[in-house]
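Just so we're aligned, residue 1 is where the sequence shown starts under the UniProt record's numbering, counting upward by one.
Cβ coordinates follow ideal geometry from the N, Cα and C atoms, glycine included.
None of these values were measured; they are calculated from a predicted model.
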Amino acid sequence: MIILSPGVHSFPFKLGLPLGLPSTFLGKHGWVQYYCKTALKEPSGLTHKNQQVFIVMNPIDLNLEPALLMVSFKKN
């Protein structure tokens, strides 16, 4: 157990994310969202919880997607 003195505290950390994660997305029929959760429990038993959403942007090279290379319309 760690006992903290009164005041503001910061606990920097790093977290490696797996390669190839889908990008954050919000759509009509679904979503992909990422977040971190924390909890701090006081000796009195009171628990403080927090949640922070973060964005993942995984670029896609559309030139490497065969389905997207097909002609989607024809000129008359």
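Where Asn50 sits in the DSSP three-state scheme: Here residue 50 corresponds to residue number 50 of the sequence shown, with the count starting at 1. Strand.
CB contact flag (Tyr34, Ile3, <9 Å): Here residue 34 is taken as the residue at index 34 of the sequence shown, counted from 1. Here residue 3 is taken as the residue at index 3 of the sequence shown, counted from 1. No, the pair does not count as a contact, with Cβ atoms beyond the cut-off.
Beta-carbon contacts of Lys37 that lie in its chain and below 6 Å, excluding the five residues immediately before and after: In the sequence shown, residue 37 corresponds to position 37, counting from 1. Cβ-Cβ distances below 6 Å link Lys37 to Gln51 in the same chain, with the five nearest sequence neighbours on each side left out; the list follows chain order.
Beta-ladder partner(s) of Thr38, from DSSP: Taking the first residue of the sequence shown as position 1, residue 38 is located at position 38. Beta-bridge annotation (DSSP): Thr38 is paired with Asn50.
Top-ranked residue by Cα proximity to Ser23, from Val32, Leu40, Lys49 and Leu15: Position 23 of the sequence shown, counted from the start, is the residue given in the question as residue 23. If we check each option's Cα against that of Ser23, Val32 comes out closest.
Reference Met57, options Leu46, His29 and Leu19, closest by Cα: Numbered from its first residue, the sequence shown carries residue 57 at position 57. Measuring from the Cα of Met57, the nearest candidate turns out to be Leu19.
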